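Asker: Residue numbers (the numbering used here): 2 to 872. I'd like to ask you about the structure that follows.
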RNA sequence: GGGAGCAUAGCUCAGCUGGUUUAGAGCAUCUGCCUUACAAGCAGAGGGUCCGCGGUUCGAACCCGUGUGCUCCCA
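Rendered as structure tokens:
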């Protein structure tokens, strides 16, 4: 069979993905096996695949594929999130392009556009995950606004309302003036922002005096309803209880005292604007101040402000500053940097605003969720996130769950014209409920216009994808729940992870997952977070096309320990592609032997075969343990090095027959077996190339994708050590050849001075092949005209046609001698320390004694060599 | 302002219970090789004040304190 020069990823990816699908390997139905379940964090329905998804889903696929190969019934559930704000924003933008404004549409009209958009573009991301090789059970694809899921969200709202956990309340919220909706605290991004601090004069009633106020928001002065000073501030004690006038509009406001004020910030006097600042609001409530809202929903100035009505807030900031300056009220401005909140979705400055919203009381519902993580009923990897989690859960605030949007789950509250309301699953139930609660029959009710926060639906994800709430105790929920592993970004630990845990305990009476693996954040080479605005996010599909899905998976996994950010570097993908090529070439080599087998003497290769078999067992066990600890990056590195170094660089070279010579059939078959096992180990990480090679190695109807791992046995330590000795000896002697500037084709004669003659005899044939020696013999004394080297405790004399470079050799030996003597000194220092001998554990003591003996032997051997050199 | 974390080779990171040959790997670098699987390769080599200072200990990259620098979260 003629093989291509390089592995061609594109045809292999297409062929194997559709083959796996055809065989329904990813499909899971409950059976007698132990389940292994992962629910995918649902991406936004309008999203496209980016680096974060790539990392996250590669990790999940590795875990799922490995589980599938170890006897588990693996079930990985895909799906998408309706993402109310993000999706609605996209639909609004799309409509704007067509010349349609949202306000000109009815709710139903808008929603039909939104659904049309969702059907057209929704779920592109799921198709992209197939390119990456993700082994998802596609029949289970869920969407947070599927009919059944939608109904469950509504029912849960009603249930929580009836339990008294959901309430309606006027609170200070974060208002997005562009999206025209409330935002939860988590949706607000704080950024250091350069601002100006304006110092303004407020005149004091009945005097010619004035008080100076420093503010970054002069456009809100029309909403001022007090001035506050610190009660102990000597500068202002005479003003307590007096009144001042708001500049420009001359409204009379009291001067109050409260120790909330920081005396040494600005002038020490604070303007209190309860409608537009959370702290001022609290202060206002304490002192019973009036609340004057000077903004409209969209961030323009309202009638209540009296001036600048209808103008945009930041425009007004500039204009009012000019007016205040002209009128002599603005004393000075300073540069000032502070943190300002921006909307995560629209990136506009968030306006604190008093608003009537729906709230979920978090205190009771959160306590089992906190306990479960603290007591490791749910384990976090890495565990440092436990602290973060605890800190948030212990200071948890009520959750604002209403959003002024249409795309989402509409709040099931029904109002009459007088503002009386009931909460019910549907209109008919509401009418009945209204009669019960308010004594009014056949009331004319209108449903709340608002939607629920997206996370109020996705917190049900781990059980509702199995209909655990809508069809309690069904076969699937009983089998798959609690799920096994959640793989997610630490950014959404509060948004989503914490709330899923709460919902799990509240509605399933059990945790939603056993363990959470937090991935890192993908950053670019300079350590910047990848984002659209920076344009530093590479086109993932282009990368997959170029390097292949396996190489992409390799590149993103090779340097990404759990919870650490990963610096994305395209050269890692290149390394992955080179790895593919390496494996491919190993296959080509073996394929060359396919038709060139004979019943020759296999003794020469027996050591290689025994050694590699043991090495394979050793690494299999290591990988298993790393996988259990979620050390995926290290596991991949280990497999990489097993294949590249141990298999290709050592094993294959050791068994390789001479030019055009046949290979022993038994050795050949053994090698095919080893290669197969290597591909199996690699498969979870790089599924396509491994499946392709598996099928090319030998004709089979089985697929690697579902091949079960055999149990690794404990390796033979002496054999492994012998392998190590062989490797070290070969490297050491190759170094001698290099230093002697011997060409590969120039052969040498080798004399070994050792106490372990039998060991070297058993590896002699491999050794001679690897260092191109025409003769290997043993000696008990110095060999004349040779280049001497000491490897471990053994001495090697290399005889070649080249003249021996004594000076070079001498300096090498001296360097080694200095090192050893220094080393011996530290060991002796320890051993001569009485306290060490008394306190150290016996095995440590023994080790030190062995170190000393070894070093002394080596020193002796080197000194002898040096003495011989002088002669 | 409050809290958490990080600092080890040029880069990315291991180093898990303090002792495992005076610190390991991959990538990059350098030297030599187009050796009949692979130049996307082979063989070999060099490269370190384990951030600074102080302490605990027979013994510290690891534990404690402190300083510096960076990152993240919360207000």
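C-beta: ideal position from N, C-alpha, C; glycine also. Treat the numbers as computed from the prediction; the structure is a model and nothing was measured.
What three-state label does DSSP hand residue 85 in the structure shown?
Answerer: Helix at residue 85.
Asker: Give the range of the alpha helix (DSSP H) segment to which residue 370 is assigned.
Answerer: 364-375
Asker: Find the nearest neighbour of residue 296 within the set 290, 289, 309, 148, judged by alpha-carbon distance.
Answerer: 309
Asker: For a quick check, are the C-beta atoms of residue 453 and residue 345 less than 9 Å apart?
Answerer: no
Asker: Using the three-state DSSP reduction, which class does residue 551 fall into: helix, strand or coil?
Answerer: helix
Asker: Report the start-end ranges of each beta strand (DSSP E) in the segment 178-237 that is 3 residues or longer and not cut off at the edges.
Answerer: As far as the segment 178-237 is concerned, its whole beta strand (DSSP E) runs of at least 3 residues are 182-184, 189-204, 211-216, 227-230.
Asker: In angstroms with no decimal places, state the Cα-to-Cα distance between residue 835 and residue 627.
Answerer: 40 Å
Asker: Our contact map puts residue 772 next to residue 731 with C-beta atoms below 8 Å; I'd like the distance itself, whole angstroms only.
Answerer: 6 Å
Asker: Return helix, strand or coil for residue 52, following the three-state DSSP convention.
Answerer: helix
Asker: Going residue by residue through the segment 625-669, where are the continuous alpha helix (DSSP H) segments of at least 4 residues, counting only ones entirely within it?
Answerer: 633-642
Asker: Whose CA, out of 428, 228, 398, lies closest to the CA of residue 411?
Answerer: Per the Cα distances, 428.
Asker: Determine the direct distance from the alpha carbon of residue 697 to that of residue 770, and round the result to whole angstroms.
Answerer: 29 Å
Asker: I'd like to confirm the pairing. Which residues does DSSP put opposite residue 718 in its beta bridges?
Answerer: Note: residue 718 sits in no beta bridge, so no partner.
Asker: For residue 463, report the span of its alpha helix (DSSP H) as first-last.
Answerer: Taken as a continuous stretch (DSSP letters only), the alpha helix (DSSP H) holding residue 463 covers 462-465.
Asker: Pull up the distance between the alpha-carbon of residue 599 and that of residue 589, whole angstroms please.
Answerer: Rounded to the nearest angstrom, the gap between the Cα atoms of residue 599 and residue 589 is 19 Å.
Asker: Would you kindly check if the distance between the Cβ of residue 487 and the Cβ of residue 40 is under 9 Å?
Answerer: yes
Asker: Indicate the three-state DSSP secondary structure (helix, strand or coil) for residue 496 in the structure shown.
Answerer: helix
Asker: From the DSSP output, which residues share a beta bridge with residue 333?
Answerer: 200
Asker: What's the C-alpha gap between residue 838 and residue 853?
Answerer: 14 Å
Asker: Nearest-angstrom Cα distance between residue 637 and residue 560?
Answerer: Distance between the alpha carbons of residue 637 and residue 560 is about 10 Å.
Asker: Terminal residues of the continuous alpha helix (DSSP H) containing residue 762?
Answerer: Counting along the chain, the alpha helix (DSSP H) containing residue 762 begins and ends at 758-772.
Asker: I'd like the list of long-range same chain contacts for residue 587, defined as Cβ closer than 6 Å, with 5 residues on each side in sequence excluded.
Answerer: 649
Asker: Go ahead and pull the three-state DSSP assignment for residue 352.
Answerer: strand
Asker: Confirm, please, whether the CB-CB distance from residue 362 to residue 167 is below 9 Å.
Answerer: yes
Asker: Taking the alpha-carbon positions, what's the residue 746 to residue 620 distance?
Answerer: 35 Å
Asker: Using the Cα positions of residue 350 and residue 334, report the straight-line distance between them to the nearest angstrom.
Answerer: 21 Å
Asker: I'd like to confirm the pairing. Which residues does DSSP put opposite residue 609 in its beta bridges?
Answerer: DSSP, once it has assigned bridges, lists no residue as partnering residue 609.
Asker: With a cut-off of 8 Å, do at least 3 Cβ pairs link the segment 253-267 to the segment 222-238?
Answerer: yes
Asker: Using a 10 Å radius around the Cβ and a threshold of 16 neighbouring Cβ atoms, would you call residue 214 buried or exposed?
Answerer: Residue 214 comes out buried.
Asker: If you run the structure through DSSP and keep just helix, strand and coil, what is residue 173?
Answerer: Residue 173 falls in the strand class under three-state DSSP.
Asker: Taking only runs that begin and end inside the segment 414-479, name each unbroken alpha helix (DSSP H) of 4 or more residues, in chain order.
Answerer: Within the segment 414-479, the complete alpha helix (DSSP H) runs of at least 4 residues are 428-439, 456-459, 462-465.
Asker: Quick one: grab the DSSP three-state call for residue 26.
Answerer: coil
Asker: So, with DSSP's three-state summary, where would you put residue 845?
Answerer: DSSP places residue 845 in helix when its eight states are reduced to three.
Asker: If you draw a straight line from the alpha carbon of residue 359 to that of residue 529, how long is it in whole angstroms?
Answerer: 37 Å
Asker: Looking only at its own chain, which residues have a Cβ that is under 6 Å from the Cβ of residue 10, when we skip the five neighbours before and after it?
Answerer: Within the same chain, residue 10 has close Cβ partners 549.
Asker: Between the segment 46-55 and the segment 70-90, are three or more C-beta pairs nearer than 8 Å?
Answerer: yes
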